[in-house]
C-alpha cells in the first residue's frame, strides 16, 4: 500500500520541524545562559572579600573604604561585623547569620588589633564560620607586623593557613591577588621574600613593614 503525501502535508511537516528546531535552540540558549550565570556567580564569590574586625577598630575599616575610592585599588569587600546588626547572644543563631553574609565570599580578612584576641563572641564566631567555609584567609596586623603576632591574633585564626600582612593598601592588594593557600590547613604564612615588600615601596624593620609617606608635591 502506497502513501501519497500532498504538498500541504509536506508544508505542515516543514513548519513543525522548524518549530522543533526553534525549541531546541531556545532550550540550548537557556542552558547556556544558566551556565554563564553560574560562572559569574562563582567568579563573584571568588573575588569578594568580607572584613571582620573589633568595634574598636572600625576606623581602620573606614580607611580601607577610602583606599577603594581613592587609590585605584580593586577591592571588592564589605563589612562582616555583626555586633550592631544582631541583638542576640545565641551562638548558633549568630553563626547562621554569619553564614548568610559569608556565603558569597571567597576571602575573609580579619583586622587584628590590640583587643582582637579577647573578642570571644562575634569576631571569634565570624572567623570560625569563614574557616569552616574554607575561605581564603588574610590576617591584617594593625601594628604593621608582617608575620603572625600570637599575642594579638585569636587562637582560632592561627595554624589555619592564613597569610599575615601589615595594614597597608599595596600589600593587601598583593595578598588578595597572589596568595593561594595550600592544603591541608596547618600553618601560619607570610611573604618571607623581602623583595615582595621592597618592590611595593615598603621599608622593612625587623618584622614590620611600612611605606614611607609620599613627599608633598611642592617638595619635588
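In our numbering, the protein residues as written are 4 to 223.
Glycine residues also receive a C-beta, built at the ideal position from the N, C-alpha and C atoms.
Practice task
Could you check how far apart the C-beta atoms of residue 144 and residue 169 are, in whole angstroms? I think they sit under 8 angstroms.
Solution key: Taking the chain shown and counting its residues from 1, one reaches residue 144 at position 141. Taking the chain shown and counting its residues from 1, one reaches residue 169 at position 166. With a Cβ gap of about 5 angstroms, residue 144 and residue 169 count as contacting.
Exercise for the section: Look at residue 141 and residue 176 and say whether their C-beta atoms are less than 9 angstroms apart. Expected result: Taking the first residue of the chain shown as position 1, residue 141 is located at position 138. Taking the first residue of the chain shown as position 1, residue 176 is located at position 173. It is not a contact, given that the beta carbons lie outside the stated cut-off.
Handout entry: Collapsed DSSP secondary structure at residue 111 in the structure displayed
Key = One-based indexing of the chain shown puts residue 111 at position 108. When secondary structure is reduced to three states using DSSP, residue 111 falls in the strand class.
Practice task
Count the C-beta pairs between the region 117-127 and the region 157-164 that are closer than 8 angstroms, then say yes if the count reaches three, no if not.
Solution key: Yes: the two stretches touch, three or more of their Cβ pairs being nearer than 8 angstroms.
Practice task
Please classify residue 186: is it buried, with 16 or more other beta-carbons within 10 angstroms of its beta-carbon, or exposed?
Solution key: Residue mapping note: residue 186 aligns to position 183 of the chain shown, counting from 1. Around the beta carbon of residue 186, a 10 Å sphere encloses fewer than 16 other beta carbons of the protein chains shown; the residue is thus reported as exposed.
Practice task
Put residue 71 into one of helix, strand or coil per three-state DSSP.
Solution key: Locating residue 71 in the chain shown gives position 68, counting from the first residue. The answer is helix: DSSP assigns residue 71 an H, G or I state.
Exercise for the section: Using DSSP bridges, identify the partner residues of residue 206. Expected result: Start at 1 with the first residue of the chain shown, and residue 206 comes out as number 203. The bridge partners DSSP lists for residue 206 are 213.
Handout entry: Within 9 angstroms, strictly: CB atoms of residue 165 and residue 184
Key = The count along the chain shown starts at 1 and reaches residue 165 at position 162. The count along the chain shown starts at 1 and reaches residue 184 at position 181. Their beta carbons are under 9 angstroms apart, which means residue 165 touches residue 184 by this criterion.
Exercise for the section: Could you check if residue 60 is buried or exposed, using at least 16 other CB atoms within 10 Å of its CB as the buried criterion? Expected result: Sequence index remark: in the chain shown, residue 60 carries index 57 (1-based). Result: buried.
Practice task
Pull up the distance between the alpha-carbon of residue 108 and that of residue 217, whole angstroms please.
Solution key: Working through the chain shown from its first residue, we reach residue 108 at position 105. Working through the chain shown from its first residue, we reach residue 217 at position 214. Per the coordinates, the alpha-carbon of residue 108 lies some 33 angstroms from the alpha-carbon of residue 217.
Handout entry: Neighbourhood of residue 40 by C-beta, 6 angstroms cutoff - its chain only, sequence neighbours within 5 removed
Key = Indexing the chain shown from 1 puts residue 40 at position 37. Reliability of the predicted coordinates at residue 40 is poor, the pLDDT of 41 falling under 50, and the value obtained from them is presented with this limitation in mind. Counting only Cβ-Cβ distances below 6 angstroms, and skipping sequence neighbours, we find nothing.
Practice task
Give the straight-line distance between the Cα atoms of residue 116 and residue 65, rounded to the nearest whole angstrom.
Solution key: In the chain shown, counting from the first residue as 1, residue 116 sits at position 113. In the chain shown, counting from the first residue as 1, residue 65 sits at position 62. When rounded, the distance between both Cα atoms is 15 angstroms.
Problem - Secondary structure of residue 7, DSSP reduced to three states - result: Numbered from 1 along the chain shown, position 4 holds the residue referred to as residue 7. Low confidence applies here, because residue 7 scores a pLDDT of 46, under 50, leaving its location unreliable; read the following figure in that light. DSSP places residue 7 outside both helix and strand once states are collapsed to three, so it counts as coil.
Exercise for the section: Take residue 171 and list the residues in its own chain whose beta-carbon comes closer than 8 angstroms to its own, dropping the five residues that flank it on each side. Expected result: Locating residue 171 in the chain shown gives position 168, counting from the first residue. If we look at residue 171 and ignore the five residues flanking it on each side, its Cβ neighbours are 147, 205, 212, 213 and 214.
Problem - C-beta contact flag for residue 62 and residue 119 at 9 angstroms - result: Counting from 1 along the chain shown, the entry for residue 62 is found at position 59. Counting from 1 along the chain shown, the entry for residue 119 is found at position 116. When the beta-carbon positions are compared, residue 62 and residue 119 stay at least 9 angstroms from each other.
Practice task
With distances taken Cα to Cα, identify the nearest neighbour of residue 98 among 69, 203 and 131.
Solution key: Against the chain shown, residue 98 aligns to sequence position 95. Checking every option, the nearest Cα to that of residue 98 belongs to 131.
Exercise for the section: Return the chain-ordered list of same chain residues with a C-beta closer than 6 angstroms to the C-beta of residue 136, the five sequence neighbours on each side being excluded. Expected result: Position 133 of the chain shown holds residue 136. Only residues of its own chain outside the window of five on either side were considered, and among them 105 have a CB closer than 6 angstroms to the CB of residue 136, listed in chain order.
Problem - Neighbour-count burial assignment, residue 150, 16 or more Cβ in a 10 Å radius - result: As a working mapping, residue 150 is identified with position 147 in the chain shown. Burial check for residue 150: the Cβ neighbour count within 10 Å reaches 16 or more, so the residue is buried.
Exercise for the section: Evaluate residue 200 with the Cβ neighbour count: other Cβ atoms within 10 Å of its Cβ, from every protein chain shown; 16 or more gives buried, anything less gives exposed. Expected result: As a working mapping, residue 200 is identified with position 197 in the chain shown. Buried: at least 16 other Cβ atoms inside 10 Å.
Practice task
Using beta-carbon positions only, say whether residue 112 and residue 53 come within less than 9 angstroms of one another.
Solution key: Your numbering for residue 112 matches position 109 in the chain shown. Your numbering for residue 53 matches position 50 in the chain shown. In contact: residue 112 and residue 53 (Cβ atoms closer than 9 angstroms).
Problem - Endpoints, the beta strand (DSSP E) within which residue 141 is located - result: Counted from its first residue, the chain shown places residue 141 at position 138. Counting along the chain, the beta strand (DSSP E) containing residue 141 begins and ends at 139-144.
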